[in-house]
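These notes concern the structure reproduced below.
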Amino acid sequence: MDSLFMTMEEWLEGVELNYGIFCLLPIIVILVIAVWRKTTFSALLAGVILACLMVAKFNPLVTVGLFLDEFYATACDDGTMWVLLVCGLFGALIQVMTDSGGVLGFTKIAKKLLNSRNKTLIGTWILGIIIFIDDYLNCLAVGAATRPLSDEYKVSREMSSFIINSTGVTVCAIVPISSWGAFMSGLMEKAELTNGLSAFSAYCHAIPFMFYAIIAVIIVPLVACGILPMFKNMKAAERRAIETGEVLSEDSKKAVVEGLEDEERLKNKPHRALNFIIPILIVVVMTILADDMVVALVIALVCTLVLYLPQRLMSLKEYIDSAMKGLTDMFGVLVIIIVGYMLIDLNAALGVNEFVTAICSAAVPSKLLPALIFVGVGLLSLASGSFWGLAAIAFPIVGSVSGSLGLNPFLMSGVVVSAVAFGGHICLYSDTVILTSAATQCTPSDYFRTSLPIILAYPFAIGVILFLVAGFIMC
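In the working numbering, the protein residues as written are 28 to 502.
In C-alpha cells:
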C-alpha cells in the first residue's frame with residue numbers, strides 16, 4: 028500500500044520514462060474525445076487518467092496514488108489557488124452585477140450604438156481590444172457585457188467565444204502595459220534579448236514581430252462579418268443562430284446554467300448601466316494599482332455591496348445569495364481548470380516538452396529558424412497546455428541560439444511570444460479558453476471545433492509565412 032501514498036516526485040526518482048512519440052498519446056486521446064463526443068471534462072479526465080497510467084508504468088495501484096497526489100498538489104498550488112480565486116470571485120461579481128440590473132443597463136445603452144448584427148460583432152471586437160490589461164479580465168468582462176446583446180442579434184455563442192478569445196490573449200500580448208507585457212519583457216531581459224535597451228523598450232521593439240498575435244486580432248472582424256470565409260463547423264453554428272434563433276448548441280444547452288432570461292426576471296428593477304460600469308472600472312484600476320486581480324475583485328465586490336444596497340436593488344441576504352450563486356455556477360469551470368493543470372504537470376513528467384524540443388532543435392539553416400521555432404513552440408504550447416511556463420523555458424534557449432548565430436533579438440522574441448499566444452488562443456484546456464467559454468456559456472469543445480480551422484488557416488498560416496519572409500530578410 029506504500030505506493031498509494033507515494034508522491035509523483037518520489038515515484039519519478041526511482042523510474043525512468045522514455046515513451047518517445049507515445050508521450051503524446053494523452054493529448055491525442057483528449058483531442059479525439061473532445062471533437063468526437065463534444066465534451067471537455069470527460070476528454071480531459073480520460074487524458075489525465077491515461078497520463079497517470081503511463082507515468083505509473085501501468086501499475087494500477089501506483090496510478091491511483093499518483094492521480095490523488097497530483098490532484099491534491101495541483102489544487103493546493105499557490106498559482107492554481109490564485110486562478111481559482113479569480114474565477115470564483117469573477118463569477119460572484121458577474122452574478123451580482125447581473126442581478127442588480129447593471130448588465131442589462133449597459134446592454135440597453137450599447138443597443139443604441141450597436142443596433143445591428145454586424146455592429147454587435149464589431150462592437151464586441153472593439154470592447155475586447157479596449158480591455159487589454161489582463162486576458163482573464165478581458166474574456167470574463169467582455170463575455171458578461173456582450174452576451175445579452177449577441178443573443179438579441181442572433182450571434183452564435185461559438186462566434187462570440189471566437190471574437191472574445193481572439194481579443195484576449197493576443198491583444199494582451201501586443202500591448203506592453205498588460206500582464207503579458209510585464210511577464211514577457213522580464214523574460215526577454217533574463218534571456219539577454221534586449222539589445223542593451225530597457226525591458227519595456229525592448230518589448231516595444233519586439234511587438235512589430237509578433238505576427239501571429241497581430242494577424243489574429245486583425246482577422247476577427249473580417250471573419251465575423253463574412254469577408255473572410257468561415258469553415259464548416261462555424262458556418263453551421265452561425266446558420267443555426269440566424270435561422271432558428273438558437274445561439275447555443277445542444278451540448279452547450281446541457282451545460283448552461285439556468286437564468287438566461289434576465290430581462291423578464293429583472294423587469295421590476297431599474298436597469299442602470301453605472302451599476303455595471305463602475306465595478307468593472309474598479310477591477311481595471313485596482314488590478315493596475317494593486318498588481319493583483321484577486322485584491323481588485325474583492326474590492327469590487329465590497330464596492331458593489333456599498334453601491335447596490337442604498338439603491339435598494341437587493342437586500343443583504345439577496346446580495347449574499349447572488350454572490351454565492353455566482354460562485355457555485357463557476358464550480359464546473361474550476362474543476363476543469365484543476366484537471367487541465369494536472370495534465371500540464373503530467374505532460375512534463377512524460378517528457379512532452381523535451382520530445383518536441385528535441386525535434387525542433389535539429390540543425391537547420393538560420394533563415395528557417397524563426398518559422399520553425401514558431402511552429403515548434405506553438406505546437407508544444409497547444410499540446411502541453413503550458414504558456415507562460417513554456418515561455419520561461421523557451422526564452423533562454425532562443426536567447427542563447429540568437430546570440431550564437433547573431434539573429435535579431437526582437438524578431439526572435441516576437442517568435443516566442445507569438446508561439447505561446449497561439450497555444451493560449453486555441454488549446455482546449457487553456458485557462459483563457461475555459462474562462463471565455465464560461466463567460467459566453469459555450470463549451471470549450473464547441474469553441475475548439477469551430478475556431479481551430481479559422482485560427483490555423485489565417486493567423487497561424489500567415490504567421491508561418493511572415494516568419495519565413497522575416498527569416499530570409501533578417502537572418
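For every residue, glycine included, the Cβ atom is placed at its ideal position computed from N, Cα and C.
Gly118 and Gly367 closer than 8 Å at C-beta | no
Endpoints, the alpha helix (DSSP H) within which Gln122 is located | 105-126
Out of curiosity, what's the CA-to-CA distance linking Val244 and Cys469?
-> 21 Å
Residue range of the unbroken alpha helix (DSSP H) whose run includes Leu154 | 144-157
Of the residues Ile347, Asn222, Ile55, which one's Cα is nearest the Cα of Asn374?
-> Ile55
Whole runs of the beta strand (DSSP E) within the stretch 356-408, excluding any shorter than 3 residues = none
Kindly indicate which residue of Leu308, Tyr335, Lys262 has the alpha-carbon position closest to the one of Lys296.
-> Tyr335
Could you check where the alpha helix (DSSP H) with Thr34 kicks off and where it finishes?
-> No alpha helix (DSSP H) holds Thr34; DSSP gives it neither H nor E.
For Leu44 versus Ala376, is the C-beta distance shorter than 8 Å?
-> yes
Leu495, enclosing alpha helix (DSSP H) - first and last residue = 488-501
Whose CA, out of Ile400, Ser408, Cys330, lies closest to the CA of Val428?
-> For the residues Ile400, Ser408, Cys330, the minimum Cα distance to Val428 belongs to Ile400.
For Ala268, I'd like the list of residues in its chain whose CB is within less than 7 Å of its CB, leaving aside the five on either flank, ordered along the chain.
-> Lys181, Val182, Ser183, Val274
Look at the Cβ atom of Pro306, then the Cβ atom of Ala323, and state whether they are nearer than 8 Å.
-> no
Kindly give me the distance between the Cβ atoms of Thr463 and Cys166, rounded to whole angstroms, as I take these residues to be in contact under 8 Å.
-> About 4 Å separates the CB atoms of Thr463 and Cys166; that is less than 8 Å, so the two are in contact.
Could you tell me whether the Cβ atoms of Gly490 and Phe258 are closer together than 8 Å?
-> no
Ala317, buried or exposed, once every other Cβ within 10 Å from all chains shown has been counted against 16 | exposed
Closest by C-alpha distance to Val321, when choosing among Leu154, Leu406, Cys114, Leu39 = For Val321, the nearest C-alpha among the options comes from Cys114.
Is it true that the CB of Met124 sits closer than 8 Å to the CB of Glu185?
-> No, Cβ-Cβ distance for Glu185 and Met124 is not below 8 Å.
Take the Cβ of Trp109 as the centre, count every other Cβ of all protein chains shown within 10 Å, and call the residue buried at 16 or more, exposed below.
-> exposed
Relative to the C-alpha of Val496, which residue among Ala398, Ile242, Val402, Thr467 is closest?
-> Ala398
Top-ranked residue by Cα proximity to Ile482, from Val460, His452, Phe499, Asp473 = His452
Outcome for Trp63 when other beta-carbon atoms lying within 10 angstroms are tallied against a minimum of 16 | exposed
Starting from Met215, follow the alpha helix (DSSP H) in both directions and report where the run begins and ends.
-> 206-217
Does DSSP put Thr470 in a helix, a strand or coil?
-> coil
Answer with buried or exposed for Asp162, where buried requires no fewer than 16 other C-beta atoms within 10 angstroms of its C-beta.
-> buried
Check the C-beta distance from Ala300 over to Gly129 and give it rounded, since I have them as a contact under 8 Å.
-> Indeed they touch by this definition, with Cβ atoms about 7 Å apart.
Reduced DSSP category for Ala233 - H, G, I as helix; E, B as strand; rest coil | Under the three-state reduction of DSSP, Ala233 is assigned to helix.
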